[in-house]
Amino acid sequence: MKEMDELKKKYWKGRTDRDEERSLKNRPFSHDTTHVEDIYFQYLNEKKNEKINFPDFDVEIIRKIKGQQGEQRFISKIGYWRLAAAVIILITAGILFFNNQSGTQTSAPPPENLVLTDTYNDPEKAFEETKKALLFISNKLNKGTELTSEFAKFSETQENLKKEN
Amino acid sequence: MTLETFTSDVLPLKNKLYRFAKSILDDGELAKDVVQETLMKIWEKRQDMGKVQNLEAWCMTITRNFALSKYRLKDNQNEGLDMTNERWSSHSNSPYQLLESSDVFEKIEGIVSGLPLKMKEVFQLRDVEGYAYQEICDITGYQLSDVKVSILRARKVIRQNLQKIYDYERNG
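Chains as they are written, first to last, in numbering that gives the first Met the number 0: chain E, 0 to 164; chain L, 0 to 171.
Listed below in structure tokens is the structure:
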């Protein structure tokens, strides 16, 4: 009894270890105990035995987990179907493209009257052709400068008018 | 982790998780919701189980996180209703109500639920569940010195209130 009182004092001072605290809580209590401190330790002991009091709690959890698993399986099945569809589309597109390519190469030969000629074998002819092309371009460019000369005329007249005024 | 392992290793912790959540929330229904959310979270995170050293402490930490977020929500709602309530007393009975209660167990329950949150958590884990101080630190993230001080203060408050009950019972 005295030992227990010492232990209680130690407990209130926060100096007890877990074994000592266990012995304070787990000792036998008489049902008609009126000592508040004893009731307190009894309370601690009983508090540890409190259970989640909802019927079918475990069943509910397992049901939710299984539902989640089923959902995940369904989603992954959808994923597989999508993947399979994408692969089929790619393969079909590949085959069509390949057929198309090889078809254009074999089925449409170049027209016989089309003769691809070039001038790189005759440097003089190449020079003449280049000259022609450059002259053509410069003519076009000169047309552009003709327009700018007209603008120059316009600004000149404007200047003259300003002077007269 | 298979469903069988979950059923054998995690599900039996439900009562402990429930008591811890209830000690934070003072509400059995909300505590049940917290335990459900916790168990579902554990199942979702089952791939990480290999990294977990102490399964029970890990489960308790997840429970604590869910319970605290619900507690804050509840606390905000209470504050919205009555801004004069102090955090200390917002979840507890008045001393008068405590003394008037016929059942001493109920009176003790009232004292414990009136403790500040940190004291309540530490008290539940140490004095009810019997965890070692270091385990409490692992679960709550508090410093060791903090845990020891909190448990000492909680016991002091409880003892003072028990004394009041004792005096009331003796003197009528």
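Where is the CB? At the ideal position from N, CA and C, for every residue including glycine. Remember, it's a predicted structure, so these values are computed and weren't measured experimentally.
Using a C-beta to C-beta distance shorter than 9 Å, which residues of chain L count as neighbours of residue i?
i: E:ASP57; result: THR6, LEU10 and LYS13
i: E:LYS1; result: Near E:LYS1 there are no residues of chain L at all, since even the closest Cβ is about 20 Å away, more than 9 Å.
i: E:ILE90; result: By Cβ distance, chain L contributes nothing, its closest Cβ being about 34 Å from E:ILE90, past 9 Å.
i: E:ILE77; result: Residues of chain L passing the Cβ test: none, with the nearest at roughly 20 Å.
Report the option in the options whose CA atom is closest to the CA atom of residue i.
i: L:GLU120; options: L:GLY140, L:GLU105 and L:ILE107; result: L:GLY140
i: L:THR62; options: L:CYS136, L:SER144, L:LYS163 and L:LYS13; result: L:LYS13
i: L:VAL9; options: E:ARG17, E:GLU149, E:ILE61 and E:VAL86; result: E:ILE61
i: E:ILE64; options: L:THR37, L:TYR70, L:GLN52 and L:LEU54; result: L:THR37
i: L:VAL111; options: L:SER22, L:LYS69 and L:LEU2; result: L:SER22
i: L:LEU29; options: L:GLU55, L:ALA66, L:CYS58 and L:LYS50; result: L:ALA66
i: L:ARG45; options: L:CYS58, L:VAL34 and L:VAL148; result: L:CYS58
i: E:SER22; options: E:GLY13, E:GLU163, E:LYS152 and E:ASN44; result: E:ASN44
i: E:GLU49; options: L:TRP42, L:ASP47, L:TYR165 and L:LEU16; result: L:LEU16
i: L:GLY113; options: L:LEU24, L:PRO11 and L:THR1; result: L:LEU24
i: L:GLU172; options: L:LEU2, L:GLU55, L:LYS117 and L:ASP32; result: There is no way to answer for residue 172 of chain L, as the model of chain L reaches only from 0 to 171.
i: E:GLU19; options: E:PHE28, E:GLU2, E:ILE38 and E:GLU59; result: E:GLU2
i: L:LYS106; options: L:MET0, L:LYS117, L:ASP32 and L:LYS163; result: L:LYS163
i: L:GLU55; options: L:ASP166, L:VAL103, L:LYS69 and L:ALA131; result: L:ALA131
i: L:VAL146; options: L:MET48, L:TYR167, L:ASP47 and L:LYS117; result: L:LYS117
i: L:LYS50; options: L:MET0, L:VAL103 and L:SER7; result: L:MET0
i: L:GLU160; options: L:LEU143, L:SER149, L:GLU108 and L:ASP137; result: Residue 160 of chain L is actually Asn in this sequence, not Glu. Closest by alpha carbon: L:GLU108.
i: L:ASP166; options: E:LEU89, E:THR91 and E:GLU36; result: E:GLU36
i: L:ASN53; options: L:THR6, L:ARG158, L:SER144 and L:ASP137; result: L:ASP137
i: L:ASP102; options: E:ARG17, E:GLY66 and E:TYR42; result: E:TYR42
i: L:ALA20; options: L:SER68, L:LEU143 and L:GLN142; result: L:SER68
i: L:ASN64; options: L:MET48, L:VAL34 and L:ASP47; result: L:VAL34
With burial defined as no fewer than 16 other Cβ atoms inside 10 Å of the residue's Cβ, what is the status of residue i: buried or exposed?
i: L:ASP126; result: buried
i: L:ARG71; result: exposed
i: E:MET0; result: exposed
i: E:TRP171; result: There is simply no residue 171 of chain E to check, as chain E begins at 0 and stops at 164 in what is shown.
i: E:ILE136; result: exposed
i: L:ARG18; result: buried
i: E:PHE56; result: buried
i: L:GLU128; result: buried
i: E:ALA85; result: exposed
i: E:GLY69; result: exposed
i: E:GLU163; result: exposed
i: L:ASN170; result: exposed
i: E:PHE40; result: buried
i: L:ILE135; result: buried
i: L:THR4; result: exposed
i: L:LYS31; result: buried
i: E:ILE51; result: buried
i: L:ARG86; result: Only weak support is given to the placement of L:ARG86: the predicted model assigns it a pLDDT of 44, under 50, and the question is left unresolved by the model.
i: E:LYS46; result: buried
i: L:ASP81; result: Any reading at L:ASP81 is ruled out, since the residue's pLDDT is 47, under 50, leaving its predicted position unreliable.
i: E:LYS161; result: exposed
i: L:HIS90; result: Reliability fails at L:HIS90, whose pLDDT of 46 lies under 50, so the model's placement of it is uncertain and the value that follows must be treated cautiously. Flag for L:HIS90 reads buried.
i: E:LYS131; result: exposed
i: L:LYS149; result: Residue identity differs from the one stated: residue 149 of chain L is Ser in this sequence, not Lys. Flag for L:SER149 reads buried.
i: E:ILE94; result: exposed
i: E:LYS139; result: exposed
Which residues in chain E have a C-beta closer than 8 Å to the C-beta of residue i? List them in chain order.
i: L:ARG63; result: The premise fails here: L:ARG63 is roughly 16 Å from chain E at the closest Cβ pair, so nothing lies under 8 Å.
i: L:ARG158; result: TRP11
i: L:ASP145; result: Within 8 Å Cβ-Cβ: nothing; L:ASP145 doesn't reach chain E, min ~13 Å.
i: L:GLN46; result: Ordered by position in chain E, no residue passes the 8 Å Cβ test against L:GLN46, which lies about 13 Å from the chain.
i: L:ILE150; result: GLY13
i: L:ALA131; result: ARG17
i: L:GLN76; result: By Cβ distance, chain E contributes nothing, its closest Cβ being about 24 Å from L:GLN76, past 8 Å.
List the residues of chain L whose Cβ lies closer than 8 Å to the Cβ of residue i, in chain order.
i: E:PHE28; result: By Cβ distance, chain L contributes nothing, its closest Cβ being about 12 Å from E:PHE28, past 8 Å.
i: E:GLU19; result: Per Cβ cutoff of 8 Å: no residues; E:GLU19 is ~11 Å from chain L at best.
i: E:TYR39; result: ILE107, ILE157 and LEU161
i: E:LEU43; result: ASP126 and VAL127
i: E:PHE53; result: LYS31
At a CB-CB cut-off below 7 Å, which residues of chain L make contact with residue i?
i: E:LEU6; result: None at all; the shortest Cβ gap to chain L is about 13 Å.
List, in order along the chain, the chain E residues whose C-beta lies closer than 7 Å to that of residue i?
i: L:LYS119; result: Within 7 Å Cβ-Cβ: nothing; L:LYS119 doesn't reach chain E, min ~12 Å.
i: L:TRP57; result: Within chain E, no residue comes near L:TRP57; the closest Cβ sits about 17 Å away, beyond 7 Å.
i: L:TYR17; result: ILE51
Taking only beta-carbon atoms, is residue i less than 9 Å away from chain B?
i: L:GLU128; result: No chain B is present in this structure, whose protein chains are E and L.
At 9 Å on the CB atoms, spell out the chain E contacts of residue i, in chain order.
i: L:VAL103; result: THR33, VAL35, ILE38, TYR39 and TYR42
i: L:TYR165; result: HIS34, VAL35 and GLU36
i: L:MET39; result: ILE60, LYS63, ILE64 and GLN67
i: L:ARG154; result: TYR10, TRP11, LYS12 and GLY13
i: L:LEU2; result: ILE61, ILE64, LYS65 and GLN68
i: L:GLN35; result: PHE56, GLU59, ILE60 and LYS63
Point to revise | Sufficient close CB pairs (3 or more, under 8 Å) joining the region 2-14 of chain E to the region 67-76 of chain L | key: Counting Cβ pairs under 8 Å, fewer than three are found: no touch.
Check your understanding: Does the count of Cβ pairs from the region 106-121 of chain L and the region 137-156 of chain L closer than 8 Å reach three?
Key -> Three or more Cβ pairs drawn from the region 106-121 of chain L and the region 137-156 of chain L lie within less than 8 Å of each other, which places the two stretches in contact.
Review point. Would the region 152-161 of chain E and the region 36-54 of chain L be scored as touching if the rule is three or more Cβ pairs under 8 Å?
Key: Using a Cβ-Cβ distance cut-off of 8 Å, the region 152-161 of chain E and the region 36-54 of chain L are not in contact, since fewer than three pairs of beta carbons, one from each stretch, lie closer than that value.
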